[in-house]
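Order-wise, the sequence lines are chains A and B. Numbered according to numbering that gives the first Met the number 0, the first sequence spans residues 0 to 315. Numbered according to numbering that gives the first Met the number 0, the second sequence spans residues 0 to 170. For each residue, glycine too, the CB sits at the ideal point set by N, CA and C.
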Amino acid sequence: MSEVQLDAAAEQAIDWMVRLRSGHTDVRLQRQLQAWLNSDPAHADAWARLQRGLGAPYDNLRRMPGAADLLLHQHGSRRQLLRGLAGLGLLGGGLWLTASSTPVRDLIADLRTSTGERRSFTLEDGSRLSLNAGSSVDLAFDSNQRLILLRHGELVIQVAPDAQRPLIVRTAQGEARALGTRFLVSQEAHATRLVVLEHRVRASLAGQAQWRELGEGEAALMAADGIHPLSQQTYRADWLNGRLSVSDEPLEAVVDSLRPYLPGFVRIDPRARQLRVQGVFPLDDPNRALAALGETLPLEIRRFGPWLTLISLRGP
Amino acid sequence: MVRVAGSLSSKLGFFFSDHHRWLLQHVQRYLDNRADGEDTAAETFCQILAARVDPQTIEQPRAYLSTIARRLIYDRHRRRRLERAYLDYLALQPEALEPSPEDRALLLEALLLVDRTLDGLPQVVRCAFLLSQLDGLGYAEIGRRLGVSERTVGRYMKQALRQIYLNELVP
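Have a look at this one:
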């Protein structure tokens, strides 16, 4: 809104601030500024007003490592936002500039689910894609391949056969290439979980030659340091039927699975995180799931409106 | 009806007729359709009415009006989206780094305030300003990261600082 007029003192105060921030200041400039400030009370007023505008909120945001990225990325789509969050701390690379001008962008379609929402989609090739709550994918299908970019959350894909175009699910850690098949991919904090429900899948890590082929019923965790086989995991696809099945897992992991169904924020007391959990919990009634956890474990669950839930160990 | 000269509402009436057309054109540039523009202009005047501000005490009426209008447009579009983004951001944090509930409220408030203040500025201007304001970088470094000259960075800074100053004119 640049055509709005400011008075002369304000314009000068702004010009001084612009010069002061350049990184080329010296004692002379400081002295000149002081002289300008002393020459008219209106100058000092304008300077104080500008200083106020540059005060408190920024002091708070300097303590928050991703603040600049959040402020710069939340304008566009959720996709840009997630890209922004994935690049936290990468602001220095000027990456956001290139990210928003990549020509591929227009060829990409978004599919996503919100908190508490599960959905299945039939893709153009006839493949059936199911998204768990709080998940998002971008699709990039062309004549050579069917690429699914899992940005966030968890999916199960039933792949339609197409000998010409392999179907690949790509995550932050690597990719899973379908060899005629149905499988689950979950993007976790620092790893990707891959569970093969039917036939076979080839897993490979980004930028590495290492790969591993998984057969029906097999699972693996893909992380920066390698592809680690996991024991029986097919129960992890139970969310397709609205159930969370847990067999001997830490509370932390169980709550992570409930998070996409709980609005707001859930925090677990560090002392409670490793409690072992067994059971089957209803995903579509996450509050009942939490209550059930509270009944079987020594937990105190406090809710502060819909936005905050605190889980701690019950006092002795 | 007898008009009481100098009464607050008649002063506001004049204020309204003096600036209405300008404000409407001004907000139109930031909104998709005319009805939204008229709504926003009307709401802007309503806010001044509700705050019982004496228009004669407003030193720079257009700066004042444009700032209120910008806040209204901002609230219409973005507040909830930023809250959501902040919650997503928190959910991705390792819990060791998580802010306390009080800190969380403070940070969200700071994010909203800064976002609202910078609303309407081009992305590259916001970026240049935040690199200076949050990271303390000089213009040479900012210019290098954004691929523009130092001079251009100075121009971006001026644009951001003008808007910040305008924002301070309205309580």
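Closest Cα partner of residue i within the set the options
i                 : options                                   : result
Leu261 of chain A : A:Ala222, A:Asn240 and A:Ala132           : A:Ala132
Gly339 of chain A : A:Asp124, A:Gly125, A:Ser134 and A:Leu28  : Missing from the structure shown is residue 339 of chain A; chain A here goes from 0 to 315 and no further.
Arg270 of chain A : A:Arg287, A:Leu282, A:Pro285 and A:Glu299 : A:Glu299
Thr43 of chain B  : B:Glu58, B:Ile72, B:Asp53 and B:Gly153    : B:Ile72
Thr233 of chain A : A:Leu19, A:Arg201 and A:Arg192            : A:Arg192
Ala127 of chain B : B:Ala109, B:Glu149, B:Leu81 and B:Leu112  : B:Glu149
Arg164 of chain A : A:Val155, A:Ala171, A:Arg176 and A:Gln157 : A:Arg176
Arg20 of chain B  : B:Asp35, B:Tyr88, B:Ala40 and B:Leu129    : B:Ala40
Leu53 of chain A  : B:Glu140, B:Gly135, B:Arg154 and B:Val152 : B:Gly135
Leu229 of chain A : A:Ala236, A:Glu217, A:Ala223 and A:Trp238 : A:Glu217
Val195 of chain A : A:Val158, A:Ala188, A:Gln207 and A:Gln144 : A:Val158
Arg62 of chain A  : B:Gly36, B:Ala159, B:Leu110 and B:Ile141  : B:Leu110
Phe120 of chain A : A:Asn143, A:Asp141, A:Ser142 and A:Ile147 : A:Ile147
Leu71 of chain A  : B:Phe15, B:Asp118, B:Tyr164 and B:Ile141  : B:Asp118
Leu128 of chain A : A:Val168, A:His189, A:Arg111 and A:Ile156 : A:Ile156
Val279 of chain A : A:Val253, A:Val136, A:Gln273 and A:Leu312 : A:Val253
Ala188 of chain A : A:Leu178, A:Arg301, A:Ala171 and A:Pro249 : A:Ala171
With 16 other Cβ atoms within 10 Å as the buried cut-off, status of residue i
i                 : result
Asn240 of chain A : exposed
Trp15 of chain A  : buried
Asn166 of chain B : buried
Glu153 of chain A : buried
Arg115 of chain B : buried
Ala162 of chain A : exposed
Trp210 of chain A : exposed
Thr308 of chain A : buried
Leu149 of chain A : buried
Gly125 of chain A : exposed
Asp68 of chain A  : buried
Ala62 of chain B  : buried
His227 of chain A : exposed
Gly92 of chain A  : Any reading at Gly92 of chain A must be qualified, since the residue scores a pLDDT of 28, below 50, and its modelled position is unreliable; no value is offered.
Min CB distance residue i to chain A below 9 angstroms
i                 : result
Pro54 of chain B  : no
Tyr164 of chain B : yes
Ser148 of chain B : no
Tyr85 of chain B  : yes
Tyr73 of chain B  : no
Lys157 of chain B : yes
Met0 of chain B   : Residue placement at Met0 of chain B cannot be trusted, given a pLDDT of 39 that sits under 50; what the coordinates show is reported in the next sentence. Cβ-Cβ to chain A under 9 angstroms: no for Met0 of chain B.
Gln27 of chain B  : no
Cys126 of chain B : yes
Thr116 of chain B : yes
Gln132 of chain B : yes
Glu42 of chain B  : no
Gly153 of chain B : yes
Gln46 of chain B  : no
Residue i - containing alpha helix (DSSP H), residue span
i                 : result
His72 of chain A  : Ala66 to His72
Glu153 of chain A : Premise fails: Glu153 of chain A lies in the beta strand (DSSP E), Arg145 to Gln157, not in any alpha helix (DSSP H).
Ser38 of chain A  : Val26 to Ser38
Thr116 of chain B : Pro100 to Leu117
Leu30 of chain B  : No alpha helix (DSSP H) holds Leu30 of chain B; DSSP gives it neither H nor E.
Ala175 of chain A : Premise fails: Ala175 of chain A lies in the beta strand (DSSP E), Gly173 to Gln186, not in any alpha helix (DSSP H).
Val124 of chain B : Gln122 to Gln132
Ile13 of chain A  : Ala7 to Leu19
Residue span of the beta strand (DSSP E) that contains residue i, given as start and end
i                 : result
Glu215 of chain A : From DSSP, Glu215 of chain A is part of no beta strand (DSSP E); its letter is neither H nor E.
Arg235 of chain A : Per DSSP, Arg235 of chain A belongs to no beta strand (DSSP E) and is neither H nor E.
Pro249 of chain A : Arg242 to Pro249
Thr151 of chain B : Element bounds for Thr151 of chain B: not the beta strand (DSSP E) but the alpha helix (DSSP H), Glu149 to Leu168.
Pro228 of chain A : Gly225 to Leu229
Glu116 of chain A : From DSSP, Glu116 of chain A is part of no beta strand (DSSP E); its letter is neither H nor E.
Test: residue i CB closer than 9 angstroms to a CB of chain B
i                 : result
Pro249 of chain A : no
Val3 of chain A   : yes
Ser256 of chain A : no
Asp284 of chain A : no
Met0 of chain A   : In this predicted model, Met0 of chain A has a pLDDT of only 44, less than 50, meaning its place in the structure is not dependable; the value taken from the coordinates is given anyway. It does; some Cβ of chain B falls within 9 angstroms.
Ala67 of chain A  : yes
Leu71 of chain A  : yes
Which residues of the stretch 40 to 52 of chain A have a Cβ closer than 7 angstroms to any Cβ of chain E? Give them in chain order.
Reference to chain E is not applicable here, since the protein chains of this structure are A and B.
Relative to chain B, which residues along the stretch 117 to 151 of chain A have a C-beta separation below 7 angstroms, given in chain order?
Along the stretch 117 to 151 of chain A, none of the residues has a CB nearer than 7 angstroms to a CB of chain B.
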